[in-house]
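Numbering that gives the first Met the number 0 numbers the first residue of the sequence shown as 0 and each following residue consecutively. Ideal Cβ positions, reconstructed from N, Cα and C, are used throughout, including at glycine. These numbers were taken from a predicted model, which means no experiment stands behind them.
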Amino acid sequence: MNYKETLEFLYSQVPMFQNLGAGAYKPGLGTTLTLAAHWGNPHKSLRSAIHIGGTNGKGSTAHTLAAVLQSAGYKTGLYTSPHLLDFRERIRVDGVPVSEEYVVSFVEEYLRQPDLQNLKPTFFELTTVMALRYFVDSDVDVAVIEVGLGGRLDCTNIIDPTLCVITNISLDHMALLGASEPEIAREKAGIIKPGVPVVIGKADSEVREVFESTAAKLGAPIVFAGDSPYFSSALHSGDEMIYSDTAWGELRGELTGECQIENAATILASLDILRHKFSRIGSQAVSEGFSSVCSLTGLMGRWMKIKETPVRVVCDTGHNIGGWRYLGPTLASIADSGRLSMVLGFVNDKDISSIVDTFPRNARYYFASPSVKRGRPSEETAAVAKLHGIDGCIFSSVSDAYNAALADAACGDTVFVGGSTFVVSDLLSALAQKS
Numbered sequence: 000m001n002y003k004e005t006l007e008f009l010y011s012q013v014p015m016f017q018n019l020g021a022g023a024y025k026p027g028l029g030t031t032l033t034l035a036a037h038w039g040n041p042h043k044s045l046r047s048a049i050h051i052g053g054t055n056g057k058g059s060t061a062h063t064l065a066a067v068l069q070s071a072g073y074k075t076g077l078y079t080s081p082h083l084l085d086f087r088e089r090i091r092v093d094g095v096p097v098s099e100e101y102v103v104s105f106v107e108e109y110l111r112q113p114d115l116q117n118l119k120p121t122f123f124e125l126t127t128v129m130a131l132r133y134f135v136d137s138d139v140d141v142a143v144i145e146v147g148l149g150g151r152l153d154c155t156n157i158i159d160p161t162l163c164v165i166t167n168i169s170l171d172h173m174a175l176l177g178a179s180e181p182e183i184a185r186e187k188a189g190i191i192k193p194g195v196p197v198v199i200g201k202a203d204s205e206v207r208e209v210f211e212s213t214a215a216k217l218g219a220p221i222v223f224a225g226d227s228p229y230f231s232s233a234l235h236s237g238d239e240m241i242y243s244d245t246a247w248g249e250l251r252g253e254l255t256g257e258c259q260i261e262n263a264a265t266i267l268a269s270l271d272i273l274r275h276k277f278s279r280i281g282s283q284a285v286s287e288g289f290s291s292v293c294s295l296t297g298l299m300g301r302w303m304k305i306k307e308t309p310v311r312v313v314c315d316t317g318h319n320i321g322g323w324r325y326l327g328p329t330l331a332s333i334a335d336s337g338r339l340s341m342v343l344g345f346v347n348d349k350d351i352s353s354i355v356d357t358f359p360r361n362a363r364y365y366f367a368s369p370s371v372k373r374g375r376p377s378e379e380t381a382a383v384a385k386l387h388g389i390d391g392c393i394f395s396s397v398s399d400a401y402n403a404a405l406a407d408a409a410c411g412d413t414v415f416v417g418g419s420t421f422v423v424s425d426l427l428s429a430l431a432q433k434s
């Protein structure tokens, strides 16, 4: 097979969450462990690993920690999901995506094993083992591993980490993880390991009690990032976020969404622990990691500026109520100070009613259908929005909605594109084809 044929197999023949939703979710570690055994149990050969879970902020936290470690001179593997343009974004070493040849070779090896195929692994089970094997083959010093969904039964939970990080908890994937924040917290707390330090980004009341109880039972030292002042202030300055009076000096963050203030505290709390094992982490590495995370690791889609003039275009992968609690006020502020157009689409297994409540009322709306099989038809999104007093135009694709929003915009306006990772993916793919 060539690379294109390999991807067609992975996307069509292996159950994939972005296409099937819950139908592609297989809880439990049995299949992953069997696959890993065939490839020499790479999870047991990693020198060090950092395991990152939570509802929102996992990707930004994982990428920034990887960027700091790279800048400190450690060979760093990074496994995240989903991808926006190319499958290889999911698996990187020092920011460089896994080669097409490695992906093809791994899948061909899988196809030569009838016993493995009889396991009917999911897309994420297969790619997780691919990532772990690649990191061992690449002889990385440390692997930063992002949880796919949940934690306790997520297939990444076969690793033996040096540090566990749980960013926050909000309501998402409730049909699979639980109907309340404490229930979801119990699933995500499943990545906490005996004696392994864990950093919690944000947790209040009952959620905090879940983490404290789990950590106490396992003898895992626990740090809540919100309990300590890791910086005295966090201020927007142009295209940067400036964090003052950190243990590493003043930091200038390349990621500027409001949610990044919470993420920064989580990252700094994690670095405070990691520096005892990774002694080369210093002020310069932390500064470089914060200021250049996108170029160092290839991160995209976090309050990502597509263009500034004559119309400002921004996209963001925030896709649940936790993310929109930050996006909503930011967008409302933009709408209050100028004209804002919103190009929005969602997947069909999200309860978007609470998300719609965060939308600014004085924006113009362009509803689109994401191209994935789980994409919610734009007519359905528009119908929900109308129940909340919001009207908008309906388009069959993100590209059509975006082009219409641009055509209607005047100089100085802002166009926001988001609602789903897959909406951002559709936009970036369309722009890439034009370039």
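Problem set entry | Residues near Leu-115 in its chain [Cβ-Cβ closer than 8 Å; skip 5 each side] | Thr-33, Leu-34, His-37 and Tyr-109
For this session: Starting from Glu-145, follow the beta strand (DSSP E) in both directions and report where the run begins and ends.
Result: 141-145
Exercise. Residues bridged to Phe-366 by DSSP?
Worked result: Leu-343 and Ile-393
Problem set entry | Close Cβ partners of Gly-225 (< 7 Å) along its chain, the five nearest in sequence each way excluded | Lys-201 and Ala-264
Exercise. Does the region 333-340 come within contact of the region 366-379, defined as at least 3 CB pairs closer than 8 Å?
Worked result: no
Problem set entry | Three or more C-beta pairs below 8 Å linking the region 316-334 and the region 285-295 | no
For this session: Could you have a look at Arg-472 and say whether DSSP puts it in helix, strand or coil?
Result: Outside the shown range of the chain (0 to 434) lies residue 472, about which nothing can therefore be said.
For this session: Return the residue from the list Gly-150, Trp-247 and Tyr-365 that minimises the CA-CA distance to Phe-415.
Result: Tyr-365
Exercise. What is the DSSP secondary structure of Tyr-73, counted as helix, strand or coil?
Worked result: coil
Problem set entry | Which of helix, strand or coil DSSP assigns to Ala-23 | Legend: pLDDT at Ala-23 = 49, less than 50; position of this residue unreliable, value from coordinates given subsequently. In the structure shown, Ala-23 sits in a helix (DSSP, three-state: H, G or I).
Problem set entry | Rounded straight-line distance, which links the Cα of Ile-168 to that of Val-106 | 35 Å
Exercise. Going by Cα to Cα distance, which pick from Asn-262, Val-346, Leu-427 and Glu-205 is closest to Val-312?
Worked result: Leu-427
Exercise. What separation, rounded to the nearest whole angstrom, lies between the Cα atoms of Leu-83 and Asp-159?
Worked result: 28 Å
Exercise. Considering Leu-234, what are the terminal residues of the beta strand (DSSP E) in which it resides?
Worked result: 232-236
Problem set entry | Tyr-133, buried or exposed, once every other Cβ within 10 Å from all chains shown has been counted against 16 | buried
Problem set entry | 8 Å contact criterion, which Glu-145 and Ser-80 should meet: CB distance rounded | 7 Å
Exercise. Skipping 5 residues on each side, what residues in its chain have a beta carbon closer than 6 Å to that of Asn-361?
Worked result: Ala-334
Exercise. Taking the Cβ atom as the reference point for each residue, do Thr-316 and Gly-417 lie within a distance shorter than 8 Å?
Worked result: yes
For this session: Using three-state DSSP, classify Gly-225 as helix, strand or coil.
Result: helix
Exercise. So, using beta-carbon positions, are Cys-163 and Lys-192 closer together than 8 Å?
Worked result: yes
Exercise. Just the Cα atoms here: how many angstroms apart are Gly-39 and Gln-432?
Worked result: 40 Å
For this session: For His-62, collect the residues of the same chain with a Cβ closer than 6 Å to its Cβ; drop the 5 residues on either side in sequence, then sort them by chain order.
Result: Val-292, Thr-296 and Leu-298
Exercise. Would DSSP call Phe-421 helix, strand or coil?
Worked result: helix
For this session: Might you give, ordered along the chain, the residues of its own chain that have their beta carbon closer than 7 Å to the beta carbon of His-235, omitting 5 neighbours on each side?
Result: Thr-255
Exercise. Out of Pro-328, Glu-249, Gly-300 and Cys-392, which has the shortest C-alpha to C-alpha gap to Val-342?
Worked result: Cys-392
For this session: Give the C-beta separation of Asp-138 and Thr-75 to the nearest angstrom, bearing in mind that I take them to be a contact with Cβ-Cβ under 8 Å.
Result: Wrong, their Cβ atoms sit about 12 Å apart, outside the cutoff.
For this session: Below 8 Å on the Cβ atoms is my guess for Ile-351 versus Val-397; work out the distance and round it to an integer in Å.
Result: Contact flag wrong, Cβ pair sits at about 16 Å.
For this session: Could you spell out the range, first to last residue, of the alpha helix (DSSP H) harbouring Glu-124?
Result: 122-136
For this session: Please name the residue in Arg-373, Ser-368 and Arg-46 whose C-alpha comes closest to that of Ala-381.
Result: Ser-368
Problem set entry | Identified DSSP bridge partners for Met-240 | His-235 and Gly-252
Exercise. Skipping 5 residues on each side, what residues in its chain have a beta carbon closer than 6 Å to that of Arg-87?
Worked result: Pro-96 and Val-97
Problem set entry | Proximity below 8 Å, CB of Pro-196 to CB of Ile-272 | yes
Problem set entry | Spatially closest choice to Ala-130 from Val-355, Ser-44, Leu-64 and Tyr-10, by CA coordinates | Ser-44
Exercise. By a C-beta neighbour count over all protein chains shown, 10 Å radius and 16 as the cutoff for buried, is His-387 buried or exposed?
Worked result: exposed
Exercise. Taking the C-alpha atoms as reference points, what is the distance between Cys-154 and Asp-412?
Worked result: 44 Å
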